[in-house]
Each structure stands twice: as structure tokens, then as C-alpha cells.
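Q: Chains as they are written, first to last, in full-length UniProt numbering: chain A, 1 to 473; chain B, 1 to 473.
Pasting a structure here, questions to come.
Protein chains: 2
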Amino acid sequence: MALDTKLCTFTGRMVIVGFGSIGQGVLPLLLRHIDGLTADRITIVTAEERGREEAEHYGVAFHNNPLDNDNFFQILKPLIDKGDFLVNLSVDVSSVALIEFCQRVGAFYTDTCTEPWAGGYTDSSLSPSLRSNYALRETALALRSRFEGGPTALITHGANPGLVSHFVKQALLNIAADTGVETDIPADRDGWGRLAQKLGIKTIHVAERDTQVSNQPKQIGEFVNTWSIDGFVGEGCQPAELGWGTHEKALPPDGRRHEFGCDSAIYLMRPGAATRVRTWTPLEGPFHGFLITHSEAISISDYFTVREGGKVVYRPTCHYAYHPCDDAVMSLHELVGKNYNMQAEQRLMMHEITGGMDELGVLLMGHPKGAYWYGSRLDIDTARSLAPYNNATSMQVTSTVLGGIVWTLENPTRGVVEPDEVDFRRVLDIAAPYLGEVVGAYGDWTPLQDRNTLFPEDIDEDDPWQFKNFRVV
Amino acid sequence: MALDTKLCTFTGRMVIVGFGSIGQGVLPLLLRHIDGLTADRITIVTAEERGREEAEHYGVAFHNNPLDNDNFFQILKPLIDKGDFLVNLSVDVSSVALIEFCQRVGAFYTDTCTEPWAGGYTDSSLSPSLRSNYALRETALALRSRFEGGPTALITHGANPGLVSHFVKQALLNIAADTGVETDIPADRDGWGRLAQKLGIKTIHVAERDTQVSNQPKQIGEFVNTWSIDGFVGEGCQPAELGWGTHEKALPPDGRRHEFGCDSAIYLMRPGAATRVRTWTPLEGPFHGFLITHSEAISISDYFTVREGGKVVYRPTCHYAYHPCDDAVMSLHELVGKNYNMQAEQRLMMHEITGGMDELGVLLMGHPKGAYWYGSRLDIDTARSLAPYNNATSMQVTSTVLGGIVWTLENPTRGVVEPDEVDFRRVLDIAAPYLGEVVGAYGDWTPLQDRNTLFPEDIDEDDPWQFKNFRVV
Ligand SMILES: NC(=O)c1ccc[n+]([C@@H]2O[C@H](COP(=O)([O-])OP(=O)(O)OC[C@H]3O[C@@H](n4cnc5c(N)ncnc54)[C@H](O)[C@@H]3O)[C@@H](O)[C@H]2O)c1
Ligand SMILES: NC(=O)c1ccc[n+]([C@@H]2O[C@H](COP(=O)([O-])OP(=O)(O)OC[C@H]3O[C@@H](n4cnc5c(N)ncnc54)[C@H](O)[C@@H]3O)[C@@H](O)[C@H]2O)c1
């Protein structure tokens, strides 16, 4: 695909809610690739002045008008009607409320994260189970039966969650080819689950190493990141969550099952910002990532579940293992050291980035070749050469948002849809030109490598892929 | 004291073993403050070319000649005789071997750390107990009885270990004055122990926050620190160790007692580089520091032990709670993430530092006013204005080394001596002009502040000063 290809035509109106790093990054892609989507058809509704200049540069209407549960209907109603598109790229705005609104008015919808209203991630009047992404996802999925066949609402379709679900499918096909397992491209969910089972996949990490740096050192009392700081801190304060595979021998001592919903995942009685796991990417090698909760951990484990006679016979463990940029690791360290009292200053790194890349992919483990990583290596210079208003991190997200919007318009009556249910090849094709190198690589890494040397460690030598071996204690 | 005061006269020869950040930083101070110590009387014996330029600048002989167990006698013998002074500021050279050598030839000795020969910190053929600073200290102290009345050998006398032992004494006197407890300056060890007991001190942290930064971002595969990288990694790989107070209700699950020696300390079955504790300094506020083993944790707990009828009736818990500069926190994170396989590159930050300070002091907790921090706030600009070849961190060390050398020459026949046995006022007076602001401050902080909010935590509400409350799990 060339960088000026028109991918589809859309002549409705579009509202972008939230215009931070992702909103700003996606706007040039939408204008570039969607025929008929002219600037005068787009309205931005956001909660601060950030981004006004860019909006004006493109001639797009910009409303600084924070949404809440009481005002969102009045604010959005005049802007969105049947056949229009609401692109939710905000924090602190309930995804479920906006999805329901769109279903009622007949508008398309997409977002990159199932967000609660402000404060929802840390509302300690809710149990950890109810503050989880598992609970948010169940609430969003509960809309399905109410709005079957409604206008497509593609939820959590960014890089991760989003793109990584597509990477998993491509990775499974690649592993099958490389290990001599013959398979068609599975036609349905059960087929995909059985392929993963057949290949022996036990654990899937979303293994990400962001190496972007700047020469502006992080200040004390400043949270620095390459994407939403509110978003990251919010999910970092939620319980660590992971899809819980059938090969796991024992629940972690601080692990809990939810008492409702699909039961594909567990949560730990601690925040992800304070929970580290061992993982691996081809360029970085072994490292410690944070087990930050993400909906893909839950949806992927759910999607690849194989049932026989109603009984779960196979499910992979799946979770995020995230090494954000170094300044964000330091920011987390400071945040946790101050008992989750947010820093006074925030800085979303963009122009000041001097180097580095986002190495983002999925790591599939347990098959005969050990560990296979498949993903995107996008460095900051490449990202900047591809589109304005992006860094390496945002571009992996915005290109997938573009792909999701195109797929939505091509599949307009699917109701509420998760990334795992989308045509992965269509989205990968659209996103690919923006992802830098898309590569697969095998590694002989296991979480038992170099363990038990300085001190005895409590590990399971018999099965390297037990969660207990990944976890850093 | 003025910056050109001559503090004492010394006309013997001096050998400086190791000429890294501390050796290079101390040389100008020694030439400035010790009468008779001319450049031609000093010889540097080190293991690399680093520092040659500075040595040549001052006209000091520079030998790049790494010492080991087989060659050290031959190399040092021609350079050191009765009445000379060996200043050991190296890594990877056995302190005990050099102390014994000095006792035999009749030379003075000082160092800032009890070092083993290369590889000693991570020799996994030794048990964690035998790889500890506790064991190293016992071996050094065992020389005492063999060389009673020998030339003074002042061990572990840098900033910490070293200066902080003197800070503790001054802090105790300040707390006594502020809480209306009448006391003379105690005359002996028992008197100091009883003062600490009377004041109700339960736990002492060496609470340090190094905020020095540069605009040269840490590279991947690079360990960055403001002082010895080998030294820091070495101690970070040793077991976490702490002086173990009589108020502690239960040994930590991974805590062990040693089966020999003074029994003032315990160790954890894990490296300090992976062990975090909650602490507090007046400027930084609450933060997570690393529980890196240091001999002061053991010696202070030992020194302030009160015995009655041979039975221990009082002892404070004491340990390091270290927040190195941000780049060093990132370097540790990378090191631990790669299972303690050392980075290929190292950078000891010096000229490139653009700002920040070393806030280094002792935090005495449990007395009626809660928590009292007493220490040095030295920023990089002040450090640079005071002496060349120093950053804020090294200057707190080198000024104390200077004070210790002067005290040694004034007290020449004490044999092997620890910082706690030195005249704290003499050293504080000498170091003070180089320490920036030396301040005391009370805080209402306890490790229970802001706990138990997002998730239930296993804490002891009845006694905030239990180690279990400080520890980050
Ligand atoms: N799936 C992925 O890969 C992925 C990646 C990055 C970000 N995200 C998600 O995308 C969303 C946006 O991320 P970002 O990096 O652009 O965040 P950002 O923090 O840069 O921007 C958030 C935007 O939301 C706006 N906003 C806040 N409160 C609002 C309100 N009450 N009403 C309307 N707008 C409001 C802000 O003004 C801002 O424009 C977040 O939910 C984030 O978690 C997903
Ligand atoms: N007590 C304190 O406050 C404190 C503070 C900082 C450093 N230290 C200690 O001081 C010592 C030096 O610290 P630094 O920051 O200067 O370290 P550094 O790493 O900058 O320098 C170490 C020096 O030792 C030399 N060396 C290495 N192997 C040697 C050998 N075999 N023979 C002779 N020399 C050898 C190196 O060449 C180098 O000159 C370390 O033991 C460190 O732990 C103590």
C-alpha cells in the first residue's frame, strides 16, 4: 500500500473525542487515506487546549468541552447522527456510555481502550475485581446482545489492545509453517483455538520494549511517557491481570478468579505498576517488563479457548510485559515510591525525542521451537518520515486505528466487536506501511535462563512456561 | 575551617591504591590540607589508564599495575614502609590483605569499603552468609586482636560507610536536646547505646537520594552511576543486609542469621539490587530506596547495642535505603532484568552532570518526635566550586577520607578501627566545609503513610517501625 492510497470512502461526519497523542497522530492518516472525509466533516471534542494548533492547521473544528456522564449526550447529539462515526481517543470518558449512545443514534464507533468515567480505575469503593479490565470488558460485551446487528462498534483497537491480536494470528500461521504443521487459515474462533492448541502454545506475552529517549532529563515530580500519562497511570493502578492458561499448575498466592463473566483471566491483588515479569524481545534480549493490565490479555485468552462438551480443554496464558521508555520506568518508580500519588508535572515526549524505537510484538511460547516473537520495530526517524504528529509509539496505534475504521466501514453492521473478531489480514495490510520492520524471530530464551545462580530461587524446572517462572519476586 | 587550612603535618610517603572517582577526588584535598605531603611523596597504583592525566597534572607518580593476591607484596613493598600511609580506594583488592601488610610493615592504612579480591562478591561457591559484608567485616575485625596497638588502620571511612556513623551521633545529641533529654556527650560505646535506647530509636536508615542528572541519556547496555560502577554492582549482588533491632517482632521469611560473629545483623536470601524499602528524606519526601548491603548497617547496629549481664537488651535496626541517581536506577533495572549479567559499557558521570544533588543522611525513627533526618545536601555546582575532580557524591566521600587520614595521623597507634570508634566531632569539623548544607529536619512520615488504599496490604499497624512495614513486596 502506498502512503497516499485511498482505502475507502466515507461521507458522513466524524467526531474525535480526545485529541492527545493518539488523536493528533491519527488525524493526518484519516485525512490521507479516507476518501470523502474532508476537514469540514470532522469535529474534535476534547478537554484542554492541547492540539488546537494542529486542528487549526488542518481546518478541523476544535471544541474544548470535557465530557462527563451528565453532559455527554447534549454535547454529542448535535454532532453525531445515523451513519456518522465517533472515534473515541480520550481518557476519563466512559467507553460503554459512548458505545451505547452510538448504537442508539446509529453511528459507528471505535476506541483503543475501554475507559471508565474519571476516577474509575482507582475507585477504592469498588473491589479490585470490579476495578479490573476484565470487569470493564464484560460490561462492554454485555452490550452485544442488546444491540445485535447494530452499527459496528470496534472496541480496543489500537496497537495493544488491537494490532497484537492480529500479530498473534499471523504468528500462529508462521509457526505452523516453520514447524511443518499443515493448516488452512482457520475460519472461526474454534479453528484458531485448535491451531494454537495443536502448536503447543502455552503462554503469550505482549512483549514491548520502548527505547525512545530524549536529552531532556526527567525532572523530579514529572511523569514522562511516549503516550498518555493519565492512561498509563490509570491502568498501572488497576490490578495486574492476565489470561490464565490451562497449563498453569497453581494459582499465584495473590491471584484471584473473578466471580462473573467468561473466566478467561485472573487478577493479582496488587497494581500492575508494581508487578514485574521476565520477558524477551529479539533486539532487547531478556528484560523485566511490567505486568500492566490490558484487555488483550483477557480477550486473546478468551478467543483462543477450546471447549469440548462445554468444558475448557485449552487456553493460553496471556499478558502484557511492558518496558516503557526509560523515563517512564523512572516515572513509575517515583509514582510507586510515593504510594501512587501522581506527579504534579506530566510530559508526553514528542518533539524532544532524539532516538530509539518501539519494539512491540507478541511472544508465543511452548511450541517445539521454543519462543517466537512477531511484531513491529519502528524507530522514531522512520515514524517521523511516515506522518506528522506521531512518535514511534503513537504510530503503531494510529495506523491500526486507521485500519479498524476502514474495516468498520467495510463491515458496517457487526454491532460490538473485539479485535480478535476482525479480519486480521485486512488490518495488517493497512497498518504495515506504518509499522517499520514487521518481523518474526525465534529465540532459545526461557524464563529459567541464568536463574538460581547467586541465590536459590523457587522455580519450576519441569515446565519453563509456568507463570511462576516469569514473575519477578 | 577555611579551604586552605593545613590540618596536620605528614612527611612520610603515601600510596593511593585505586584512582577512580574517589582517588581522583581526594588527591586535591590531601595536597591542600596536609602539610608536608608534597606530590613527590605520593604514588598511585591502579589498574587502568583512567586518572593518568590528573596525576600528571599534579606531578604524582602513576603506576598502572593491577594488584592481586600473588603480586601485591612485591609491588607495594618498595613503596611503603614504617610510618608511610596506604590509602586504599580501589575495587577488587582485598582490604584485609592490605591491612595485614600495613600492620606488618608498620604503615598507616585507610579505606572506604572492605573489599574482597576480584570476584569475591559473586563467588557462588560461597554461601550467601560468607559473601556478605557481615563476613567481610568479621574478617577485618579479627585482625584487631592480632595487631593490638598497631599503626592505625581506619577501615570503611568514606561517606557511607563512614561519615554517616558520625551523623548518627550528632543526630542523637540533637534529638536529645529537642526532646528535653539531658545528656553529656557519651564517653564510650555503652554510653552511646544507652542514649539511643533512652531516646527510643528503633530504626536507623542511611537515607540517600542522589538527584544528579545529565543531558546524555543512558544508552542500552550502559551502566551509569555517580561513583564506582564495579563497587555498586558488587554490593548490589551481595545479599541485602541489615542490622537487626531488638524491637523487631519476627525475622523476615527470607531473613537468616549468621552462624558466627557479633550477631548484630541478618541477611536476606536475595540481592540488594532487587530489594526495595520505603524511606524518606526532607527534600525528596517518601521514596523507594534499595536495601544495598553496607558495613555501616552492621557496625552501627553493633556499636549501639546495649547489653545487660551479657544479654542484648537494646539494638536498633539499621540499613541503607539508597536511591542512586535516576540513570543508576535504570541501570540496575537493566542489570537485574538480564539476571545480573553486567552491561558491556560503563559511564561514571562527572563532567556531563548538569544538575542535582546528593541528599545523604541518617534517618532516626521511633523517638517521640517520630523521624529525624540529619545529613548533607550537596549540589553539583557547590561541589565543583569547592574542589576539582569531584561530583556531589564523591565529595561527601573524599572530605571524610581526608578527615579520617587526619584523625589517623593524630591517633597513630589504634590498630584496626571502625568509623564508630573515631572522634566524630573532629571528622565532622574537617568534612563540614565540603558537605554543602548540613541540616537536621523532623518529619511526620512513617512507612504506613498512604498504605492500604488501592489494595489490602500486610502491615503492622501497631508499630510503624517494624522492618516489614518498610519493605516493598
Ligand atoms: N490500544 C493502544 O495501543 C493504545 C495506545 C495508546 C493509547 N491508548 C489509549 O488511547 C486513549 C488516548 O491516549 P493518548 O495517548 O492520546 O492520551 P492523551 O493523554 O495524550 O490524551 C487524552 C485526551 O483525552 C482528552 N480528555 C480527557 N478528559 C476528557 C473528557 N472528559 N472529555 C473529552 N476529552 C477528554 C484530553 O484532553 C486529551 O486530549 C487512552 O485511552 C489510551 O489508553 C491506547
Ligand atoms: N564509603 C563510601 O562512601 C564510598 C563511596 C564511594 C566509593 N566507595 C568505595 O571506594 C572504592 C573506590 O570507589 P570509586 O568510586 O573510586 O571506584 P572506581 O570504580 O571509580 O575506581 C576503582 C579504582 O580501582 C582500581 N582498581 C581496580 N582493580 C584494581 C587492582 N586489581 N589493583 C589496583 N587498583 C585496582 C581501578 O583501576 C580504579 O582506579 C570502592 O571500594 C567503593 O566501594 C566508598
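Built from N, CA and C at the ideal position, the CB exists for glycine as well.
Are A196 (chain A) and T279 (chain A) close, meaning C-beta to C-beta below 8 Å?
A: If you check the CB distance, A196 (chain A) and T279 (chain A) do not come in under 8 Å.
Q: State the Cα-Cα distance for the pair R131 (chain B) and S165 (chain A), rounded to the nearest angstrom.
A: 47 Å
Q: At 7 Å on the CB atoms, spell out the chain B contacts of H333 (chain A), in chain order.
A: H288, V329
Q: Are the C-beta atoms of F455 (chain B) and some chain A residue less than 8 Å apart?
A: With 8 Å as the cut-off, F455 (chain B) counts as an interface residue toward chain A.
Q: Under a three-way DSSP split, which group does D190 (chain B) fall into?
A: Here D190 (chain B) sits in helix by DSSP.
Q: Strictly under 8 Å for the Cβ-Cβ distance: is Q346 (chain B) near chain A by that measure?
A: No, Q346 (chain B) does not count as interfacial toward chain A.
Q: What in chain B is Cβ-close to R270 (chain A), meaning under 7 Å?
A: F455
Q: For the beta strand (DSSP E) that contains G443 (chain B), what are its first and last residues?
A: 437-443
Q: Measuring only between beta-carbons, confirm whether Y340 (chain B) sits less than 8 Å from chain A.
A: yes
Q: Ends of the alpha helix (DSSP H) at K468 (chain B)?
A: Boundaries of the alpha helix (DSSP H) around K468 (chain B): 467-470.
Q: Applying the 10 Å Cβ sphere with the 16-neighbour rule, what's the burial state of P217 (chain B)?
A: buried
Q: Is any non-hydrogen atom of ligand 2 found closer than 7 Å to the C-beta of G51 (chain B), if you look at the structure I gave you?
A: yes
Q: For F10 (chain B), I'd like the list of residues in its chain whose CB is within less than 6 Å of its CB, leaving aside the five on either flank, ordered along the chain.
A: Result list for F10 (chain B): I34, G36, L37, L409, in chain order.
Q: What are the residues that DSSP puts in a beta bridge with L27 (chain B)?
A: Per DSSP, none; premise fails for L27 (chain B).
Q: Sorry if obvious, but does the Cβ on I22 (chain A) come closer than 7 Å to a heavy atom of ligand 1?
A: yes
Q: What do you reckon, are the CB atoms on P419 (chain B) and H205 (chain B) nearer than 8 Å?
A: Result no, Cβ atoms of P419 (chain B) and H205 (chain B) do not sit closer than 8 Å.
Q: Any beta-carbon of chain B closer than 8 Å to the one on T382 (chain A)?
A: no
Q: Taking the alpha-carbon positions, what's the G119 (chain A) to P316 (chain B) distance?
A: For G119 (chain A) and P316 (chain B), the gap between their C-alpha atoms comes out near 42 Å.
Q: Between S124 (chain B) and chain A, is the shortest Cβ-Cβ distance under 8 Å, so that the two count as touching?
A: yes
Q: Using DSSP with H/G/I as helix, E/B as strand and the rest coil, what is K198 (chain A)?
A: helix
Q: Anything in the region 216-234 of chain B with a Cβ closer than 8 Å to a Cβ of chain A? List those residues in chain order, please.
A: Q216, P217, K218, I220
Q: Along the region 187-220 of chain B, where does the CB come closer than 8 Å to a CB of chain A? Name the residues.
A: T211, V213, S214, N215, Q216, P217, K218, I220
Q: Quick one: what's got a C-beta closer than 7 Å to V181 (chain B)'s C-beta in the same chain, skipping five residues either side?
A: K198, L199
Q: For P433 (chain B), which three-state DSSP category applies?
A: helix
Q: What residues match up with A153 (chain A) in a beta bridge as DSSP calls it?
A: A:Y109, A:V416
Q: So, helix, strand or coil for T279 (chain B), using DSSP?
A: strand
Q: Considering only their Cβ atoms, is the gap separating I430 (chain B) from N391 (chain B) smaller than 8 Å?
A: no
Q: Consult DSSP for K311 (chain B) and reduce its assignment to one of helix, strand or coil.
A: Note: K311 (chain B) maps to strand in three-state DSSP.
Q: Can the beta-carbon of F424 (chain A) be found closer than 8 Å to that of K202 (chain A)?
A: no
Q: Do three or more CB pairs link the region 143-161 of chain A to the region 288-297 of chain A at distances below 8 Å?
A: Remark: three or more beta-carbon pairs, one from each stretch, lie closer than 8 Å, so the region 143-161 of chain A and the region 288-297 of chain A are flagged as touching.
Q: Is the closest heavy atom of ligand 2 to the C-beta of E248 (chain A) under 7 Å?
A: no
Q: Please name the residue, chosen from A:M365, A:E457, A:F85, A:P447, that lies closest to G245 (chain A) on a Cα-to-Cα basis.
A: A:M365
Q: Taking E451 (chain B) as the query, report the chain A residues whose CB atoms sit under 9 Å from its CB, ordered along the chain.
A: Sequence inspection shows Arg at residue 451 (chain B); the Glu mentioned does not correspond to that position. Going along chain A in sequence order, the residues near R451 (chain B) (Cβ under 9 Å) are N339.
Q: Mapping DSSP to helix, strand and coil, what is Y372 (chain A)?
A: strand
Q: Would you identify the three-state DSSP class for H57 (chain A), choosing helix, strand or coil?
A: helix
Q: Among B:K468, B:E53, B:R144, which residue has its Cα nearest to the Cα of P252 (chain B)?
A: Nearest of B:K468, B:E53, B:R144 to P252 (chain B), Cα basis: B:K468.
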